[in-house]
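Colleague: Chains as they are written, first to last, in my numbering: chain A, 67 to 327; chain B, 3 to 297; chain C, 774 to 1127; chain D, 155 to 388; chain E, 6 to 368. The beta-carbon is built from N, C-alpha and C at its ideal position, and this holds for glycine as well. Source: prediction; values computed, not measured.
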Amino acid sequence: MKLLEAKKLTKSFGGLMAVSKVNMVINQGELVGLIGPNGAGKTTVFNLITGMYAPTSGTITLFDGSHGKTIHGLKPHKICNAGIARTFQNIRLFKDLTVLDNVRIAMHCSVKYGLLSCFLHLPRYRRDEQRIIDESIELLKIFNLDGKMDELARNLPYGEQRHLEIARALASRPKLLLLDEPAAGVNPAETAQLSEIIRKVRRLFNLTILLIEHDMSLVMKICERIYVLDFGSVIASGTPDEIKSNERVITAYLGEDAIDA
Amino acid sequence: MDQFIQQIINGISLGSIYALIALGYTMVYGIIKLINFAHCDVYMLGAYIGYYCMTFLHLGVVPSLLIAMILCTLLGVLIEKIAYKPLRNATRIAVLITAIGVSLFLEYGTMYFVSPQVRTFPPHIVKSMSAGIKLGNINLTFMQLMIVSVTVLLMVLLQLTVKRTRIGKAMRAVSLDVDAAELMGINVDTTISFTFALGSALAGAAGVLVGLYYNSINPLMGLLPGLKAFVAAVFGGIGIIPGAMIGGYFIGMVETFVAGYGYSMYRDAVVFAILILILIVKPAGLLGRNVREKV
Amino acid sequence: MVKQLNKKALIKPLALLVTFFIVQLLIQFNIINYYYQDILATICINIILAVSLNLITGFTGQFSLGHAGFMSIGAYACALTIQRVPTVYGFIAGVILGAMLAAFAGLLVGLPTLRLKGDYLAIATLGLSEIIRVMFINLDSITNGAAGLYLQYRFVNWFWLFVLTVMTVVLISNFVKSSHGRACISIREDEIAAEAVGINTTKYKVMAFMIGSFFAGVAGAVYASYFYFIEPNLFGFSKSIDILVVVVLGGLGSLSGSILAAAVLALISSFLQSFAAIRMVLYAVLLILIMLFRPGGLMGSRELSVAMLVELRKEAIAWLKAMPAKVLSAVRSITKGTGKHGGDKSASKGRFEG
Amino acid sequence: MLEIRDLNVYFGVIHALKGVSLTVNDGEIVTLIGANGAGKTTTLRTISGLIKPKSGTISLDGADITGLPAKERVRLGISHVPEGRRVFPAMTVLENLELGAYLRRDKQGIAKDLNKVYEHFPILYDRRRQSAGTLSGGEQQMLAIGRAMMSRPRILFLDEPSMGLAPLLVQEIFNIIKSINESGTTILLVEQNASMALKTADRAYVLETGSIVISGSGEELAQSEDIKKAYLGG
Amino acid sequence: GSGSDSDVIKIGVNYELSGQTATYGQSSVYGIELAIDEINEAGGINGKKIKLVKYDNESKPDLALSLTTRLMTQDKVVAVLGPATSGAFGSTIPLAMQYKIPVASGSATADGLLVDDNGNVKEYAFRICFNDSYQGKAMANFAINNLKKTKAVIIKDNSSDYGKGLAESFKQTFEEKGGTIVAEEAYVKNEVDFNAILTGIKGKDFDVIFIPGYYNEAGLIIKQARAMDIDVPILGADGFDSPELVNLAGEDALNDVYFSNHYSPLDESSVVVDFIESFKKKYNKEPDAFSALGYDLAYFVADGIKRAESLTGEAVKDALEATKDFEGVTGSFSIDENHDPVKALIIIELQNGKQVSTIRAGN
Ligand SMILES: Nc1ncnc2c1ncn2[C@@H]1O[C@H](COP(=O)(O)OP(=O)(O)OP(=O)(O)O)[C@@H](O)[C@H]1O
Ligand SMILES: Nc1ncnc2c1ncn2[C@@H]1O[C@H](COP(=O)(O)OP(=O)(O)OP(=O)(O)O)[C@@H](O)[C@H]1O
Ligand SMILES: [Mg+2]
Ligand SMILES: [Mg+2]
């Protein structure tokens, strides 16, 4: 069952075709990898899907069952509320807020009370806030961050910041999660831990995941399907094994001796 | 027609004054992202220094101008060292409040010493400066010519400094990333001081010229043109040197035409209304590029 | 458990009530004499202004230089209402009307201008408040132009000051502690990330502007009724700056900071009256010194709490002990020109900013 | 060449470096590995003068440089590719590279080095007029390294140069590091990719919560079981 | 309250010493302090010296109000002088009524300032300057009757009630008498460039300019107008009265300039001559209208205190109300039932920067 489909997705910056005519399908429940050389346009694809950029041409459709809704060109918050959440290649936490607040903010769309309750702190406000706190803590537990609830995000070690960013993305209860290089700058031991976590949240939240990553040990281990971009176009797609042995991918991206990982 | 041409001349000379002050705002803003409220007070002090040179030391216009520029340069650097430098790591708005403090200090310090009364320059100097050309109904004074040419000249020089010279490159690097600039071997403190020195020298020159042109100075004389110049700088795209000039001329022109064609009571309102409309279309100012941060 | 909660919830209202009656008593016995009452009124009005601007600038991170403009709408609406209905009901109607009109102006301002950022927004708000001011000058038949409006009666007393100030603080504080408030805060922290986690940044910016303007309108209304006289030039650029100074001095994002700063500034100002000739110079020096030594404002972005007071005591003692060294090093850094104050210079910078 | 003795660094109450000592000899590649938050970046930033240590000494060629500001250290031949790349976003690629040579005056030498950088990273040549802020993550990383090369340093600090780079380029980067080293530049390398780093380096130090726990030659450490477990992912 | 127990009499001084209108406040205070020094040197009032309690209201009406409270309730003054501007002065009048202590201004000229909505005089408020309509009317009459001009341009100070008030009354009288207002332009305080406005009106058909405003800007307007060859007569009011006017405009420009004033330095009466002399001696400069009015204001109040039966606000008020034929620098006057001074107005003519004649004018 399709969850997201991009058709002829194109984005150019001035003369530069960062993404050109990309067709891509992500099915419900899949874990798909998106790889490619630096500057290939991976992050730009994410930015197009999440509404950070409007595509130059092409469409993006998000499916809810059989019902499809085009989402390209919508504002990012609308897309988030439609069920797509992301992390950033350069971590973008609310650095000066606490870990708990980072997650609570992302729970915003599930809030049920209105302005009146908020100004007067009516019982409804109290109930809902309590729920938000409880749910946030639950979420943080998954990432072992519940002990650091009141830390400022900036004071977390780098790896935990990556984790917190994923937790924050999950707080908006997405159907589709986009992860942009979650293992960058994380050492191999922690990368292994990360792949565990990705698997776990996928199971727990019934998630579909699209993942950008240069660390092949992670990509090849957990992705079910992989798209490879080069110069803005899809040059290959298929299972990890197919990709590993694809000549074009090897010359453009992997290199001869990187596959042993 | 005559009237129209005259109004253009009026607009250009008024605009030059805004531009001259705006250049200083934009320089300092460009490097440390600070709206240096004290800038318009350095301008005011420049005017007073010029005044005292001419009135009590009986110096001519040029030496007075030079002295004012030198003293203002020192003052600008001093202000930076005392009031802004310790706040390098503080939020921008904290520095802004400090700048307001410095501005109040200069205004009221000056007022305490020289009283709030207006001062005028010695009549013989004023007279010699207000000579001009008359073409039919159109008036053009040497002062106006001088202010316009000084403004354009300084703009070009500044732009060249920033774009072409080593120190200019250093200024831009510092403005983007202090640490990285230091790693390139750039002396960050010197670079910032240099920027303040440059901006303040400009303010000093502007103070003397404008003071002479209108022949009226007082301790609060910086407020009004300071505000307008600041608006001009933002309008052109703050931090961009040609932007400051275009902004200055724009505001000067709009003011002149609104006032000149019978709406002087609504002048400021019209200026701001146009400004807002333009900002809505070009949110980063006329020359500013509205780059959405890449994520 | 439930009982405990209730007890806790009761402490604040009780404290407020007690404060109210103590001050009322002090006024009755003329210990808080008329002059102090005037200062009290100034403080209360400044608190309302600062707290409401803090919502816009401190919490939502939108740099506004036009708060006085919204204040003036409240002031004029209230004054004109009172002139027509010179009773306390007229006053109440004036406050409500003023606040609503100001909020409406906030909406009008917000919608088109909020896509501007930082200093561009500041200029736009400054411009709008100037436009409002020029309108008041030129709408001669209604506003009496530059000559301003005089009121004969004063309806604001300690009761109203207290009620309106507390109302403002409580409502805004409740707001920022809610999910909507957190949405505003997230915009301040990182607008792109806020959008990405599903927050309609435009909506919340406009909301912050409207709420902030609403209370600025309240402050204006109270001002008009307390001080008998308003004129357009009262609400110019420098008034907006004055309000901003209170907010930053108290600490961006700290409501108790705004309250504290409003009080401190009023007291300083009244104390300095004994030095009429150089008071503004002294005021300026104080402002600079406070910012140099507490660049985050008096309270940073924290709120006052009992725990904090204890901490503050400790901090104060440590600070006092460290004071001589600090002054020395500050002096040295100024004279010698080493830019560093120990530690990491880029402490406020992101890890991966490229 | 570079000698660090007993360095202690604090961030407020956090004791980030607890008596770190290390040496880098002329012509060597030395690597510093360790878990996230161990203090690797802090060590580099302290040596290049961006952070003031509480105590300890740093000396270059036997001369004490502990109190010197960062810009002076650049003059002495230290160059630092900072974590997070820190390119100047609103400047073009070319301007960034030129700034790398800020202290140099030899026009020809600069031009030659510029060509060398473009040879190593052809994509930078293609993007030379693009503003650095809009480069992709990997492109920025290349630019940061290129910029550091432009100062023709005697000793180069690299903070996680392989981060965010495509696998092909990771290999390439390490080759480039080697070739820079072979052309006479001493290198101090911080890496998460410990296996590659240990392969490339002559000597290595392992940092754990602010202290050096192990040191030895690159090969030695690559064989060590403890290291394998902790840093090589198995 | 009163300060009768001690051997000093306290008078409050509540002026604009900083902020936008600091010039007016400071000038006024110069005059006040000179007068009080003289009075004290001459032995004070009934053997008691006068002590001034001076505060700066920063040109802010709210601060002016709270300082008045402070002066009246804490410092226990018998009267408060100032503020200089109508707005700030007006905001302190309710307090005067409340605490029954008189306030008096030398320069708050707004019409209707001293009467309430029902037309009753506010008993505790006084002023010794003309109100705006008096001067505006006088100048309009002068333009039509003496100069025979019928087409006027008004360039008014739009940031002060003074400019607005004068402009309004001038316009009304001028039009009533058959003149037309060709254009009404505006500027704000501290502006220096009037070329646009002047170029704009230059193309119009008019024969006189009225500038309701202060010398700071008026001087520059005159200068710039003359430089543009606009040589119609220029009229103004007492805001023109300052030695700075000639410096700002330049002698050559000050031709055919007429303004209404309280007194003329040409006046040879000893009060005026002595005042100018001692002012120059003390401050090393020439006085302007604000200083002269401040000087008179201090004497006026001191005179009231002297005649008062006791040192209470109420008694001082009664004495001030009863002022008759007070001889001041700014003319001799009595206080009328609306607490306005009844005094003659003169119109001064400037040619080549010099005062060449004075014309007595009534309405
Ligand atoms: N806002 C922009 N303006 C101009 N060019 C851009 C912009 N955003 C991206 N680009 C260019 O588009 C290309 C694709 O960038 P993108 O960030 O998508 O690469 P990527 O595949 O994520 O690479 P990496 O793995 O290095 O992060 C790059 O060459 C980049 O320079
Ligand atoms: N500016 C700072 N303020 C406070 N603490 C800091 C600061 N910079 C670093 N730290 C702390 O110092 C410790 C060492 O950080 P450092 O960045 O040097 O680690 P690292 O080894 O480079 O880690 P990584 O692999 O994540 O880059 C960490 O605990 C970090 O949280
Ligand atoms: Mg990317
Ligand atoms: Mg690091």
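1. Compare the C-beta of residue 111 of chain B with all C-beta atoms of chain C and state if any pair is closer than 8 Å.
2. Using a Cβ cut-off of 7 Å, pull out every chain A residue sitting near residue 190 of chain D, in sequence order please.
3. I think residue 22 of chain E touches residue 1049 of chain C, with their Cβ atoms under 8 Å apart; what is that distance to the nearest whole Å?
4. Considering only residues of the same chain and omitting the five flanking positions on each side of residue 72 of chain B, which have a CB-CB separation below 7 Å?
5. Find out if the Cβ-Cβ distance for the pair residue 1074 of chain C, residue 1040 of chain C is shorter than 8 Å.
6. Residue 56 of chain B lies in the alpha helix (DSSP H); which residues open and close that run?
7. Of all the CB atoms in chain B, is at least one closer than 8 Å to the CB of residue 338 of chain A?
8. Grouping DSSP H, G and I as helix and E and B as strand, with all else coil, what is residue 290 of chain D?
9. For a contact meaning CB atoms closer than 7 Å, what does residue 918 of chain C contact in chain E?
10. So who's on the other strand from residue 359 of chain E, going by DSSP bridges?
11. Write down every uninterrupted run of the alpha helix (DSSP H) in the segment 198-245 of chain D whose length is 4 residues or greater and which is fully enclosed by it, in chain order.
12. Evaluate the contact criterion for the segment 54-73 of chain B versus the segment 122-133 of chain B: three or more CB pairs, one atom per stretch, below 8 Å.
13. Can you pull the chain A neighbours of residue 288 of chain D, defined as C-beta to C-beta under 8 Å?
14. Relative to chain D, which residues along the segment 276-309 of chain A have a C-beta separation below 8 Å, given in chain order?
15. Would you identify the three-state DSSP class for residue 241 of chain A, choosing helix, strand or coil?
16. Are the segment 276-286 of chain B and the segment 233-247 of chain B touching by the rule of at least three beta carbon pairs closer than 8 Å?
17. When the cut-off is 8 Å and only beta carbons count, does residue 811 of chain C lie next to chain E?
18. Report yes or no: is there a C-beta of chain D within less than 8 Å of the C-beta of residue 21 of chain A?
19. Out of curiosity, what's the CA-to-CA distance linking residue 287 of chain E and residue 211 of chain B?
20. Starting from residue 127 of chain A and walking both ways along the alpha helix (DSSP H), at which residues does that stretch end?
21. To the nearest whole angstrom, what separates the beta carbons of residue 285 of chain D and residue 244 of chain D, a pair I think is in contact under 8 Å?
22. At a CB distance below 9 Å, what residues from the segment 90-106 of chain E approach chain C? Give them in sequence order.
23. In chain E, which residues lie with their C-beta within 9 Å of the C-beta of residue 925 of chain C?
24. Can you tell me whether residue 189 of chain B is buried or exposed, with buried defined as 16 or more other CB within 10 angstroms of its CB?
25. In its own chain, which residues sit with a C-beta less than 8 Å from the C-beta of residue 27 of chain A, not counting the 5 before and 5 after it?
26. Kindly list the residues whose CB is nearer than 6 Å to the CB of residue 817 of chain C, restricted to its own chain and excluding five residues on each side of it in sequence; keep chain order.
27. By how many angstroms is the C-alpha of residue 310 of chain E removed from the C-alpha of residue 299 of chain E?
28. Can you give me the start and stop residues for the beta strand (DSSP E) that residue 136 of chain A sits inside?
29. Less than 7 Å between the CB of residue 155 of chain A and some heavy atom of ligand 3, yes or no?
30. Any beta carbon from chain E within less than 8 Å of residue 57 of chain B's own beta carbon?
31. Can you confirm whether residue 59 of chain E, when its beta carbon is compared against all beta carbons of chain C, has any partner nearer than 8 Å?
32. Can residue 276 of chain E and residue 222 of chain E be called in contact, C-beta distance under 8 Å?
33. For residue 191 of chain E and chain B, any beta-carbon pair shorter than 8 Å?
34. Counting C-beta neighbours from all protein chains within 10 Å, is the total for residue 285 of chain A 16 or more, i.e. buried, or is it exposed?
35. Are residue 115 of chain E and residue 87 of chain E close, meaning C-beta to C-beta below 8 Å?
36. If we ignore side chains and look at the alpha-carbon of each, how far apart do residue 49 of chain E and residue 306 of chain E end up?
Modeller: Considering the structure as presented:
1. yes
2. 223, 224, 225, 252, 253, 256
3. 6 Å
4. none
5. no
6. Counting along the chain, residue 56 of chain B sits inside the alpha helix (DSSP H) bounded by residues 41-57.
7. Residue 338 of chain A lies beyond the residue range present for chain A, which begins at 67 and ends at 327; the question has no answer from this structure.
8. Three-state result, residue 290 of chain D: coil.
9. 169
10. For residue 359 of chain E, the beta-bridge partners assigned by DSSP are E:356.
11. 224-229
12. yes
13. 79
14. Residues 280, 282, 283.
15. coil
16. yes
17. Yes, residue 811 of chain C lies at the interface with chain E (some Cβ there is under 8 Å from its Cβ).
18. Look at the range of chain A in this structure, 67 to 327, and you will see that residue 21 of chain A is not part of it.
19. 33 Å
20. No alpha helix (DSSP H) contains residue 127 of chain A, which is instead part of the beta strand (DSSP E) from 123-130.
21. The Cβ separation is near 6 Å, so the contact holds.
22. 91, 92, 93, 95, 96, 97, 98, 99, 100, 103, 104
23. 99, 121, 122
24. buried
25. Examination of residue 27 of chain A is not possible in this model, given that chain A is present from 67 through 327 alone.
26. 934, 938
27. 17 Å
28. Where residue 136 of chain A is concerned, the enclosing beta strand (DSSP E) stretches over 133-136.
29. yes
30. no
31. Judged by the 8 Å Cβ criterion, residue 59 of chain E is in contact with chain C.
32. no
33. yes
34. buried
35. With contacts defined by Cβ atoms closer than 8 Å, residue 115 of chain E and residue 87 of chain E do not form a contacting pair.
36. A straight-line Cα-Cα distance of about 13 Å links residue 49 of chain E and residue 306 of chain E.
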